[in-house]
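Engineer: The sequence shown lines up with residues 2 to 333 when you count with the working numbering.
C-beta: ideal position from N, C-alpha, C; glycine also.
One structure follows; several queries about it will come next.
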Amino acid sequence: MSEKKVMLSGIQPSGDLHLGNYLGAIKNWSARADEFDCYYFMADMHTITVRQNPADLRRRTLEQLAQYIACGLDPEKNTLFIQSHVHQHAELGWVLNCYTMFGELSRMTQFKDKSAKHTDNINGGLFTYPALMAADILLYQPDFVPVGNDQKQHVEITRDVAQRFNNIYGDVFKLPEPYIPKTGARIMGLSNPDSKMSKSMPEGCVFLMEKPEDIQRKFKRAITDSDTENCVRYDPEHKPGVANLMSIYSAVTGKSFEEIEREFEGCGYGKFKPAVGDAVVETLRPIREEATRILADKAYLESVYHQGAEKASYVANKTLRKVYKKIGFVAR
Ligand code: TRP
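What follows is the structure, given as structure tokens:
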């Protein structure tokens with residue numbers, strides 16, 4: 002095995018990927034493969050804590066995998082797999098359930114939010130979700146877990162559970178650190194520049210697979226600012242809409258804010274917005290085409306997730322055996 006530090010992250014295939022996911026996270030992943038031993042999985046087991054349409058779940062899981070590859074995540078350099086294909090997740094998840102406290106789980110923000118949102122389906126899985134997530138992580142003994150801010154609490158509980166387990170049985174688990182990447186832009190909604198771009202606000206959200214004309218329309222309608230200045234200037238506090246468009250333009254073209262200000266000097270928003278739209282369309286075009294091509298190549302996609310699951314199971318199994326032995330299960 003390599004000497005590289007290990008990194009692991011899971012993504013729920015519960016929605017279509019968008020520009021915020023791409024510029025904020027995925028785009029930077031491919032570069033990490035040289036430095037880290039990276040595992041990325043589709044967290045399908047987590048999605049069913051909220052009711053899913055089976056056909057949609059299946060389609061999205063494969064689409065996301067295809068899109069990740071299209072975004073530059075090389076399956077030869079990264080371990081890409083589907084969570085439910087690696088049964089050790091469910092197994093360690095059960096064990097860790099027995100080492101995770103009711104009180105701890107009750108304090109989880111995501112549980113509180115989701116149970117408030119889905120009052121008709123506050124199920125046990127939604128409550129014990131952090132124990133499964135801890136298993137997802139600890140199976141691979143990662144050094145780092147790249148997550149958004151909303152998931153930091155889950156990495157913290159993972160560390161607490163791992164520590165508790167280690168205190169009883171000796172050093173079984175490595176304690177992972179949350180990894181908040183330095184690079185990566187925080188992209189806000191086009192129609193709501195004060196909150197993160199999100200699929201729940203589809204008018205302000207540009208999806209990776211969206212048609213160019215739809216993307217253009219969304220940029221043309223993007224909220225700029227209520228000021229009368231009509232000038233492309235980076236001022237996130239007073240001009241959050243323009244600042245967001247500048248961040249997007251900068252992320253896709255590599256231009257600095259000063260260069261952008263110069264480029265659009267005297268132009269006004271009417272010219273700026275479609276220019277950002279064009280740049281985004283051209284950035285997403287090859288990704289969309291490549292993802293479509295990969296998705297149509299079922300044999301290839303299958304080989305990727307087979308190979309990923311095989312590699313992941315091998316690593317996960319080592320940890321699970323150790324855990325079973327420590328807690329007193331008879332070896333098979
Ligand atoms: N809970 C994460 C989310 O909702 C997804 C996830 C599941 C995850 N297991 C993980 C992330 C393990 C990092 C590591 O986004």
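#1: For M109, does the three-state DSSP call read helix, strand or coil?
#2: Can you give the beta carbon distance from K221 to K274, rounded, assuming they're within the 8 Å contact cut?
#3: The ligand TRP and G21: does the residue's C-beta get closer than 7 Å to at least one heavy atom of that ligand?
#4: Please confirm if the stretch 94–104 is in contact with the stretch 61–77, defined as three or more CB-CB distances below 8 Å between the two stretches.
#5: Between which two residues does the beta strand (DSSP E) containing L18 stretch?
#6: What I want to know is whether the C-beta of D17 ends up closer than 7 Å to one or more non-hydrogen atoms of the ligand TRP.
#7: What are the boundary residues of the beta strand (DSSP E) that M43 is part of?
#8: When DSSP labels each residue in this structure, what does V316 get in the three-state scheme?
#9: To the nearest angstrom, report how far apart Q152 and G267 are at their CA atoms.
#10: Output the boundary residues of the beta strand (DSSP E) element that contains L296.
#11: What residue range does the beta strand (DSSP E) around G171 cover?
#12: Quick one: what does DSSP say G125 is sitting in, helix, strand or coil?
#13: Among G94, L18 and W95, whose alpha-carbon lies nearest the alpha-carbon of R61?
#14: According to the neighbour-count rule (16 or more other Cβ atoms, all chains shown, within 10 Å of its Cβ), is P55 buried or exposed?
#15: Buried or exposed: S257, going by 16 or more other Cβ atoms within 10 Å of its Cβ?
#16: Using a 10 Å radius around the Cβ and a threshold of 16 neighbouring Cβ atoms, would you call A297 buried or exposed?
#17: Would you say M43 touches the ligand TRP, meaning its beta carbon is less than 7 Å from a heavy atom?
Structural biologist: To lay it out plainly:
#1: When DSSP states are grouped into helix, strand and coil, M109 belongs to the coil group.
#2: Their Cβ separation, rounded to whole angstroms, is 6 Å, which keeps K221 and K274 in contact under 8 Å.
#3: No, since every heavy atom of the ligand TRP falls outside the 7 Å radius drawn around the Cβ of G21.
#4: They do not touch, by the three-pair rule.
#5: Where L18 is concerned, there is no enclosing beta strand (DSSP E), because DSSP gives it neither an H nor an E.
#6: For D17, the CB stays at least 7 Å from every heavy atom of the ligand TRP.
#7: Boundaries of the beta strand (DSSP E) around M43: F37 to M43.
#8: DSSP places V316 within a helical segment (H, G or I) once states are collapsed to three.
#9: Straight through space, the alpha carbons of G267 and Q152 are spaced by roughly 42 Å.
#10: The continuous stretches of beta strand (DSSP E) do not include L296, which lies in the alpha helix (DSSP H) extending over residues Y270 to A297.
#11: Premise fails: G171 is in no beta strand (DSSP E) and is neither H nor E.
#12: For G125, the three-state secondary structure derived from DSSP is helix.
#13: The alpha carbon of R61 has as its nearest neighbour, out of G94, L18 and W95, the alpha carbon of L18.
#14: So P55 counts as exposed.
#15: Counting Cβ neighbours within 10 Å, S257 comes out exposed, since fewer than 16 surround it.
#16: Label assigned to A297: exposed.
#17: Incorrect: M43 has no Cβ contact closer than 7 Å to the ligand TRP.
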